[in-house]
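Encoded as structure tokens, the structure appears first; notes follow it.
Protein chains: 2
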Amino acid sequence: MKPATRTSNRRREKEKRILEAAEKVFAEAGFGGATMQLIADVADLPKANIHYYFQTKEELYRRIVSHIFDVWLEAAQAFDESSGPAEGIGGYIDAKMEIARRHPMGSKVWASEVMHGAPVIQDYLEEVLIDWTNGRAEVIQTWIDAGQMRAIEPRYLLYMIWATTQHYSDFDHQITTLNGGTPLDDTQWAQAKHTVRDIILTGLGISQDSQA
Amino acid sequence: MKPATRTSNRRREKEKRILEAAEKVFAEAGFGGATMQLIADVADLPKANIHYYFQTKEELYRRIVSHIFDVWLEAAQAFDESSGPAEGIGGYIDAKMEIARRHPMGSKVWASEVMHGAPVIQDYLEEVLIDWTNGRAEVIQTWIDAGQMRAIEPRYLLYMIWATTQHYSDFDHQITTLNGGTPLDDTQWAQAKHTVRDIILTGLGISQDSQA
DNA sequence: AAAAAACTTGACCGATTGGTCAAAGCGCCC
DNA sequence: GGGCGCTTTGACCAATCGGTCAAGTTTTTT
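Protein sequence lines correspond, in order, to chains A and B.
When we follow our numbering, the leftmost residue of the first sequence carries the number -17, and every step to the right adds one.
When we follow our numbering, the leftmost residue of the second sequence carries the number -17, and every step to the right adds one.
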């Protein structure tokens, strides 16, 4: 009925299927350890078919990393829509912890990419991340100048939030092992999130309202 | 003069040379992306010679990961030799930040290994890390019970310290990019360390004495 | 219904992988 | 100085890698 759209949907669904398989494989084996054959097996498709949609391994990988990057930046909205540091930083931590729980594989692919020197997405780092970071650092500085929180270097605070939240994705295997072999349950996740939020906000001298 | 010892030293020095090259290559490319040929090139030795000292790629990798694990645990001494949370937790953070700066490649290999499900050192995790973590959590709980710091779940505090300090190793490339392309200098490292320490200790309600 | 476009896939390719091996080299002791 | 054990290394191997391709199938357009 909608020729162009129907075809587009067909293609989009298959690409999605391939991308999900690839994300899993790249997260579990790294770029070098991942093989197109394994991605094909997980997607339950012939290898040649994957090469029809994504011509090279790098192209497939790049699509995944840049997608994660976008999801990453969405959590920033908590920052912009906030009226002060408690809501802004607290909301940002919450959002990042949610992503950490629901998008652990994406976080791992990102971590692996950056750890190896960001050979594929260095341009993203330089063009987008730098601007984003500078913008958020300015907001934090505004709050400091207004006496709404203690004076710290905003950059190192951001690194701390990134590190702490993403740790629950990247090291989920270690956390699970230390939890007796079972992943954190809902209660433990809530407690982890609250602990992270509580220590950082308290450490910044920000008084917290209600909300556990 | 000392035949056995001389031979032993010979072997030990060459193994050290290979291990250093391998650590660098594994850190930069991951286990899957690393090749024995590249390790051989970095060590400036024929590939077959490396296989004389380390029969398989896994054996070489295992030696590196377990070595890092040992270095990791040494930082724990700050915990045991302390008289209270300010000295114990603060000293632990300092020690981990120092390792993060001087041993970034080791941290990356460790992170990569854990991220991929710890296929090689799962036994270390289960035998050593669990015990170590439980022991340190007990110490923290003691301080909480004595009213020396705020009540938080010790585990999530440890995860926070690990995440924050190791982030400066694992994501050093990202941090360098955000720093305008140059690595953090001495002053910036000191400030980063102080910020991490300050936020966490303050967040735990621990009053800090002197020492910047 | 037929032509055109989009999609699927088994077979295949050169390059590279981790690892082997036998022959040569080396240092050391009797 | 001759022999012995440790070390070195180029050549080599089967397996696997990312990627190609042409022949076939399905879907869409006319």
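A virtual CB, placed ideally from N, CA and C, is assigned to each residue, including glycine.
What separation, rounded to the nearest whole angstrom, lies between the Cα atoms of residue i and residue j?
| i | j | result |
| --- | --- | --- |
| residue 136/B | residue 146/A | 15 Å |
| residue 100/A | residue 155/B | 8 Å |
| residue 170/A | residue 177/A | 10 Å |
| residue 167/A | residue 143/B | 22 Å |
| residue 92/B | residue 51/B | 8 Å |
| residue -5/B | residue 48/B | 18 Å |
| residue 133/B | residue 77/B | 24 Å |
| residue 94/A | residue 172/A | 27 Å |
| residue 96/B | residue 11/B | 15 Å |
| residue -1/A | residue 84/A | 18 Å |
| residue 8/A | residue 82/A | 17 Å |
| residue 57/B | residue 74/B | 6 Å |
| residue 182/A | residue 138/B | 12 Å |
| residue 17/B | residue 31/B | 14 Å |
| residue 59/B | residue 126/B | 20 Å |
| residue 141/B | residue 61/B | 15 Å |
| residue 53/A | residue 124/A | 26 Å |
| residue 164/A | residue 152/A | 16 Å |
| residue 121/B | residue 72/B | 14 Å |
| residue 34/A | residue 15/A | 22 Å |
The alpha helix (DSSP H) spanning residue i covers which residue range?
| i | result |
| --- | --- |
| residue 63/B | That residue, residue 63/B, is in no alpha helix (DSSP H); it is neither H nor E in DSSP. |
| residue 49/B | 39 to 56 |
| residue 22/B | 18 to 25 |
Would DSSP call residue i helix, strand or coil?
| i | result |
| --- | --- |
| residue 189/A | coil |
| residue -16/B | For residue -16/B, the predicted structure reports a pLDDT of 38, less than 50, and the residue's modelled location is therefore unreliable. A value from the coordinates is still provided. Coil at residue -16/B, not helix or strand. |
| residue 178/B | helix |
| residue 102/B | coil |
| residue 131/B | coil |
| residue 165/A | coil |
| residue 28/A | coil |
| residue 155/A | helix |
| residue 85/A | coil |
| residue 36/B | coil |
Note to self: Tell me whether the region 54 to 70 of chain B and the region 52 to 65 of chain A touch, counting them as touching only if at least three CB pairs, one residue from each stretch, are closer than 8 Å.
What the structure shows: Contact fails: fewer than three Cβ-Cβ distances are below 8 Å.
Notebook entry, point to check: Okay, do the region 92 to 109 of chain B and the region 18 to 37 of chain A touch, 3+ Cβ pairs below 8 Å being the bar?
Noted result: They do not touch, by the three-pair rule.
Note to self: Tell me whether the region 40 to 48 of chain B and the region -2 to 8 of chain B touch, counting them as touching only if at least three CB pairs, one residue from each stretch, are closer than 8 Å.
What the structure shows: Result yes; three or more Cβ-Cβ pairs closer than 8 Å.
Next item on the list: Taking a Cβ distance cut-off of 8 Å, strictly less, list which residues of the region 95 to 124 of chain B are near chain A, in chain order.
Entry: The residues in question are 96, 97, 98, 99, 100, 104, 107, 108, 111, 112 and 115.
Next item on the list: Quick one: which residues of the region -13 to 13 of chain B get their C-beta closer than 9 Å to a C-beta of chain A? List them in chain order.
Entry: Listed by position along the chain: 9, 10, 11, 12 and 13.
Check: Given a limit of 8 Å on CB to CB distance, which residues of the region 162 to 188 of chain A reach chain B?
Finding: Per Cβ criterion, the list reads 173, 174, 177, 178, 180, 181, 182, 183, 184, 185, 186 and 187.
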